[in-house]
Amino acid sequence: MDSNEGLDPEIAELLGIEAEDEEDYFSDVTPVSIKPIPKRAILPIDLQKLLSDKDYYTKVLQETGDHGKRVHEIFTNFCKAEMKDEKSMYREKLIPAYWNMLSASIDGFFENLTDRKQALYRYGLLSTSFIDDVQKSILLKLNEKKETEDFYYIDEWLLMVGNGKIKQSAIDETIKSKKKAPSVIKDRLARKKGSQDAELISLQQKIEHHLMIEKSLKSSVSILLDHERMEKYGDTIAPYTSDQKKIILQIQDILKDLSKSDRQISSSYDTLRALEGEIRSLADSSGDLADEIDSRTVRDEFNAIRQMIKMTVGRQGNHFPFLIKSYMPRAEKSVCSKVNLEQTLREIETVDPGIFMRSYKQKEHRITPHFIIVPSYGDEGICWEPFDRMNKATGKGRMAVPMFPRDLKAAVLHALGDMRWQIAKEKALHYWMEEGLTGYYYDYTQKNKLKGDLKEYFIQDYILWVTYESQAIQKLSREVREIFWRYIPFPQSIKENLKTRGFYYADLYKKDKNRELSRGY
């Protein structure tokens, strides 16, 4: 196959058509067999070598077999089409053909994982001739290694799931039980492991608190042992001073705190030992295949990611599936790299410091979710799971963020607003329309007769809250501003600034102080 066949017409003209209101053309490709998969390390991609390979397109299609040939055939016809209706027809065929090609290749993903295959899944890089030199340099920056446990490209995520490092995403259509491990036992096992993870986090916090008490004891004892000297009587030590006598009483309180802290740590170890025994028992009863990961698991996870990609794009968005010059941004800061994502999250957290905080056993824990960077031209990040369904206390959630959005910060804020809504709704359970953040917001929408997707209203208001209201630019209604001020509070420094920037903010600040005095918070 000639790598340039059918690719010479002007890409911008041929692909620069308006996005259609598409149906769901994606369909599963059933593998010939289900087989165990080998463990594979996550290795860097030699992208510089790939981008300079003139035969890259041909090699990619050869690696994907008949499905690759099908994509090439449709794309060639698409490029040659002259009428808009004809282009639209081939476009609609091309999208599912491309995803079927990737889905079919999943079964051999671990056995034959090449740099080309990783680049195809990670960036949608079907041909190096579809992007220009500026965009290639951006892609090389994207490809730079970034050590993090929370950010993943698609290929990295699939490898983590396939290696058993991360559990398969929850979705009714893809979760399947194995014959030798009844789903009831597996669910109990997963819950116990979730409890174990939560207890370990709690133990770590208890130990940190214990060490702080010991440090306080050491400091107090050093003060107590620092005697004044009585030179007149042979340089003997003087009696304790009044301050040292107070220290003795403080040491008694510290020792009581230490004893209590030690009991709590001991209790945590007892809990962990009991959980270990229950987990061993459940693992034994669930059979040898309890933790087996096969090709179906990875393919189902890919199908879940495909749904995430569709959600980041939206029904009216640009669903074109692979990387081309017309759609890829030409500014590095516009692309969702791991570095840019980390910087964006850090910036947002300075305005919404509680976004990743979760309360467990009367302690606050900062728990950052997993972020999957998906190769889409979407404008909306999404929250797939607000937390691990088997460990709601401390389990990590799952977010998907488009790699090529029009506005990276807005896309990330959309995902975080989605997460905030889902967590608040889960906390309130069946009282979500009556209590807390969701209850007050629901009441607001009912009073104002707002129609449509309630969660989407909330997300858009959340974006305005973080982006504009934090800078005293009033974009929200008075009712929503009051709800967010209490349930999605700015840090105190921003509140202090806002109280001088307008009557509404000053009034909210005053209400804060009144609630503090009345212990109403």
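When the letters of the sequence shown are read in order and numbered with the working numbering, they come out as residues 6 to 526.
Yeah, the Cβ is synthetic: ideal placement off N, Cα and C, and Gly gets one too.
Given the structure is predicted, the values throughout are model-derived calculations rather than measurements.
Review point. In three-state terms, what does DSSP make of Asn-396?
Key: Counting from 1 along the sequence shown, the entry for residue 396 is found at position 391. Three-state result, Asn-396: strand.
Exercise for review: Would you mind sorting Gln-321 into buried or exposed? The rule is 16 or more other CB atoms within 10 Å of its CB.
Suggested key: Here residue 321 is taken as the residue at index 316 of the sequence shown, counted from 1. The residue is exposed, with fewer than 16 neighbouring Cβ atoms inside 10 Å.
Check your understanding: In terms of residue numbering, what span does the alpha helix (DSSP H) encompassing Ser-536 cover?
Key -> Since the displayed the chain opens at 6 and closes at 526, residue 536 lies outside it and no answer follows.
Review point. Roughly how many angstroms separate the alpha carbons of Phe-307 and Gln-123, rounded to a whole number?
Key: Stepping through the sequence shown from its first residue, residue 307 is reached at position 302. Stepping through the sequence shown from its first residue, residue 123 is reached at position 118. Phe-307 and Gln-123 have their C-alpha atoms roughly 13 Å apart.
Check your understanding: What runs of the alpha helix (DSSP H), each 4 residues or longer, lie entirely inside the region 322-378?
Key -> Qualifying alpha helix (DSSP H) stretches, in chain order: 343-356.
Check your understanding: With a Cβ-Cβ cutoff of 7 Å, do Met-404 and Cys-388 count as a contact?
Key -> Counting from 1 along the sequence shown, the entry for residue 404 is found at position 399. Counting from 1 along the sequence shown, the entry for residue 388 is found at position 383. Cβ distance < 7 Å, so Met-404 and Cys-388 count as in contact.
Review point. Rounded C-beta distance between His-215 and Ser-271? I'm assuming under 8 Å.
Key: Walking along the sequence shown from the start, residue 215 turns up at place 210. Walking along the sequence shown from the start, residue 271 turns up at place 266. Contact doesn't hold; Cβ gap of about 11 Å is too wide.
Check your understanding: With a Cβ-Cβ cutoff of 7 Å, do Thr-373 and Ile-206 count as a contact?
Key -> As a position in the sequence shown, residue 373 is number 368, starting the count at 1. As a position in the sequence shown, residue 206 is number 201, starting the count at 1. It is not a contact, given that the beta carbons lie outside the stated cut-off.
Exercise for review: Given a cut-off of 7 Å, decide if Lys-401 and His-375 are closer than it, judged by their beta-carbon atoms.
Suggested key: Taking the first residue of the sequence shown as 1, we reach residue 375 at position 370. Taking the first residue of the sequence shown as 1, we reach residue 401 at position 396. Less than 7 Å separates the beta-carbon of His-375 from that of Lys-401.
Check your understanding: What are the boundary residues of the alpha helix (DSSP H) that includes Pro-101?
Key -> Counting from one through the sequence shown, the residue named residue 101 turns up at place 96. Counted as a single uninterrupted DSSP element, the alpha helix (DSSP H) harbouring Pro-101 occupies residues 89-110.
**Study point:** Euclidean distance between Cα positions of Phe-495 and Gln-209
**Key:** As a first step, residue 495 is located in the sequence shown; it is residue number 490 there, counting from the start. As a first step, residue 209 is located in the sequence shown; it is residue number 204 there, counting from the start. It is roughly 28 Å from the alpha-carbon of Phe-495 to the alpha-carbon of Gln-209.
Review point. Which runs of the alpha helix (DSSP H), 4 residues or longer, sit entirely within the region 384-437?
Key: Positions of the alpha helix (DSSP H) runs, each at least 4 residues long and wholly inside the region 384-437, are given as 413-433 in order along the chain.
Check your understanding: With Leu-346 and Ile-378 assumed to form a contact (beta carbons below 8 Å), what rounded beta-carbon distance in angstroms separates them?
Key -> Mapped onto the sequence shown, residue 346 falls at position 341. Mapped onto the sequence shown, residue 378 falls at position 373. Rounded to whole angstroms, the Cβ separation of Leu-346 and Ile-378 is 7 Å, and the two are in contact under 8 Å.
Exercise for review: Measure the beta-carbon distance from Ile-329 to Phe-83 and round it to whole angstroms, keeping in mind my assumption that it falls under 8 Å.
Suggested key: Taking the sequence shown and counting its residues from 1, the one referred to as residue 329 is at position 324. Taking the sequence shown and counting its residues from 1, the one referred to as residue 83 is at position 78. Contact between Ile-329 and Phe-83 does not hold, since their C-beta atoms are separated by about 12 Å, which reaches or exceeds 8 Å.
Point to revise | Selection from Leu-222, His-232, Leu-163 that minimises the alpha carbon distance to Asp-258 | key: Taking the sequence shown and counting its residues from 1, the one referred to as residue 258 is at position 253. Of Leu-222, His-232, Leu-163, the residue nearest in Cα terms is Leu-222.
Practice item. State the Cα-Cα distance for the pair Ser-108 and Leu-125, rounded to the nearest angstrom. Key: As a first step, residue 108 is located in the sequence shown; it is residue number 103 there, counting from the start. As a first step, residue 125 is located in the sequence shown; it is residue number 120 there, counting from the start. The alpha-carbon atoms of Ser-108 and Leu-125 are separated by roughly 12 Å.
**Study point:** beta strand (DSSP E) segment containing Lys-158, residue limits
**Key:** Taking the first residue of the sequence shown as position 1, residue 158 is located at position 153. Note that residue 158 corresponds to Tyr in the displayed sequence, not to Lys. Run containing Tyr-158: 156-158, per the beta strand (DSSP E) assignment.
Point to revise | Separation of Glu-354 from Arg-371, as counted between CA atoms | key: Position 366 of the sequence shown, counting from 1, holds the residue named residue 371. Position 349 of the sequence shown, counting from 1, holds the residue named residue 354. The alpha-carbon atoms of Arg-371 and Glu-354 are separated by roughly 11 Å.
Check your understanding: What did DSSP end up calling Asn-9 once you bin it into helix, strand or coil?
Key -> One-based indexing of the sequence shown puts residue 9 at position 4. With a pLDDT of 41 at Asn-9, under the threshold of 50, the predicted position of this residue should be treated as unreliable, and no value is reported.
Exercise for review: Return the CA-CA distance between Asp-393 and Gln-173, expressed in angstroms with no decimal places.
Suggested key: Reading the sequence shown from its first residue, position 388 is the one you call residue 393. Reading the sequence shown from its first residue, position 168 is the one you call residue 173. Rounded to the nearest angstrom, the two C-alpha atoms are 10 Å apart.
Check your understanding: Going by the CB atoms, is the gap between Lys-197 and Glu-283 shorter than 7 Å?
Key -> Numbered from its first residue, the sequence shown carries residue 283 at position 278. Numbered from its first residue, the sequence shown carries residue 197 at position 192. Contact flag set, yes.
Practice item. Over the uninterrupted alpha helix (DSSP H) stretch that includes Leu-455, give me the two end residues. Key: One-based indexing of the sequence shown puts residue 455 at position 450. Per DSSP, Leu-455 belongs to no alpha helix (DSSP H) and is neither H nor E.
Exercise for review: Label Leu-522 either buried or exposed according to how many other C-beta atoms from any shown protein chain fall within 10 Å of its C-beta, with 16 as the threshold for buried.
Suggested key: Start at 1 with the first residue of the sequence shown, and residue 522 comes out as number 517. Exposed, because fewer than 16 other Cβ atoms sit within 10 Å of the Cβ of Leu-522.
Check your understanding: Using the beta-carbon count (16 or more within 10 Å), is Tyr-467 buried or exposed?
Key -> Within the sequence shown, numbered from 1, the residue matching residue 467 stands at position 462. Tyr-467 should be labelled buried.
Review point. Candidates Leu-459, Thr-349, Asp-384: which alpha carbon is nearest Pro-410's?
Key: Within the sequence shown, residue 410 is the residue found at index 405, counting from 1. Of Leu-459, Thr-349, Asp-384, the residue nearest in Cα terms is Asp-384.
Practice item. Drop a sphere of 10 angstroms on the beta-carbon of Gln-67, count the other beta-carbons inside from all chains shown, and report buried for 16 or more, exposed for fewer. Key: As a position in the sequence shown, residue 67 is number 62, starting the count at 1. Exposed is the call here.
Check your understanding: Rounded C-beta distance between Asn-148 and Arg-45? I'm assuming under 8 Å.
Key -> Counting from 1 along the sequence shown, the entry for residue 148 is found at position 143. Counting from 1 along the sequence shown, the entry for residue 45 is found at position 40. Arg-45 and Asn-148 do not touch by the CB rule: their CB atoms are close to 18 Å apart, not below 8 Å.
Check your understanding: Relative to the C-alpha of Tyr-245, which residue among Lys-261, Ser-227, Ser-93 is closest?
Key -> Position 240 of the sequence shown holds residue 245. Measuring from the Cα of Tyr-245, the nearest candidate turns out to be Ser-227.
Check your understanding: Arg-278: buried (16+ other C-beta within 10 angstroms of its C-beta) or exposed?
Key -> As a first step, residue 278 is located in the sequence shown; it is residue number 273 there, counting from the start. Burial call: exposed.
Practice item. Spell out the partners DSSP gives Arg-234 in its beta bridges. Key: Position 229 of the sequence shown, counted from the first residue, corresponds to residue 234. Looking at the DSSP assignment, Arg-234 forms a beta bridge with Ile-242.
Review point. In three-state terms, what does DSSP make of Asp-137?
Key: Taking the sequence shown and counting its residues from 1, the one referred to as residue 137 is at position 132. If DSSP states are grouped into helix, strand and coil, Asp-137 belongs with coil.
Check your understanding: Using 8 Å as the Cβ pair cut-off and three pairs as the minimum, do the region 497-509 and the region 448-461 touch?
Key -> No contact exists between the region 497-509 and the region 448-461.
Check your understanding: Candidates Glu-352, Pro-326, Gly-359, Tyr-382: which alpha carbon is nearest Pro-334's?
Key -> Locating residue 334 in the sequence shown gives position 329, counting from the first residue. Looking at the Cα atoms, Tyr-382 is the closest of the given residues.
Check your understanding: Whose CA, out of Arg-121, Tyr-128, Lys-151, Pro-43, lies closest to the CA of Leu-144?
Key -> Position 139 of the sequence shown holds residue 144. Of Arg-121, Tyr-128, Lys-151, Pro-43, the smallest CA-CA separation from Leu-144 is found for Tyr-128.
Review point. Skipping 5 residues on each side, what residues in its chain have a beta carbon closer than 8 Å to that of Leu-55?
Key: Along the sequence shown, one-based indexing puts residue 55 at 50. Exclusion of the five residues before and after Leu-55 leaves Tyr-61, Asp-120, Arg-121, Ala-124, Leu-130, Thr-133 as the residues of its chain whose Cβ lies within less than 8 Å of its Cβ.
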